[in-house]
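Data first, discussion second: the structure below is written as structure tokens.
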Amino acid sequence: MKNLLKLFALISLISMGTIFTACQQRATNRQYIVSAPAGNRYCEVAKSGETIIPNGRILTPMGKQITVAPHPYGLVLSPDGTVAVTANSGTNPFSISVIKNLDSDDIQV
Numbered sequence: 029m030k031n032l033l034k035l036f037a038l039i040s041l042i043s044m045g046t047i048f049t050a051c052q053q054r055a056t057n058r059q060y061i062v063s064a065p066a067g068n069r070y071c072e073v074a075k076s077g078e079t080i081i082p083n084g085r086i087l088t089p090m091g092k093q094i095t096v097a098p099h100p101y102g103l104v105l106s107p108d109g110t111v112a113v114t115a116n117s118g119t120n121p122f123s124i125s126v127i128k129n130l131d132s133d134d135i136q137v
């Protein structure tokens, strides 16, 4: 019985030593340099080119750009694709913008 107890104690010590050795974190000297895509450029809205948003990302609009009331946050398109309506959340008052004739050169807001 004593030999069995000694064997169990020895196996326990070896197991604990293995666990503690495996759980140690290794020191690394890695350094990461992260920068925004816009680099040192400031935020700006350029209607005919690159717009830089506050998190440093660059947006380049594609297609037609239509100016509506401030802060559009919702958009719905008619089934035939000729009318769009935006819900705008400007400071005051809240509004909607109706955009007609989307498929022509004579767009009406």
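Residue 137 is where the sequence shown ends in the numbering used here, and the numbering goes up by one at each step. The C-beta atom is built at its ideal place from N, Cα and C for all residues, glycine as well.
Check, Outcome
"Cβ-based burial, Ile61 [other Cβ within 10 Å; buried from 16]", "exposed"
"Exposed unless 16 or more other CB atoms sit within 10 angstroms - verdict on Thr114", "buried"
"CB of Thr97 within 7 Å of CB of Ser123, strictly", "Thr is not the amino acid found at residue 97; the sequence shown has Ala there. Against a cut-off of 7 Å, the Cβ pair of Ser123 and Ala97 comes out as a contact."
"Outcome for Phe80 when other beta-carbon atoms lying within 10 angstroms are tallied against a minimum of 16", "Note that residue 80 is Ile in the sequence shown here, rather than Phe. Label assigned to Ile80: buried."
"Lys34 - DSSP class collapsed to helix/strand/coil", "helix"
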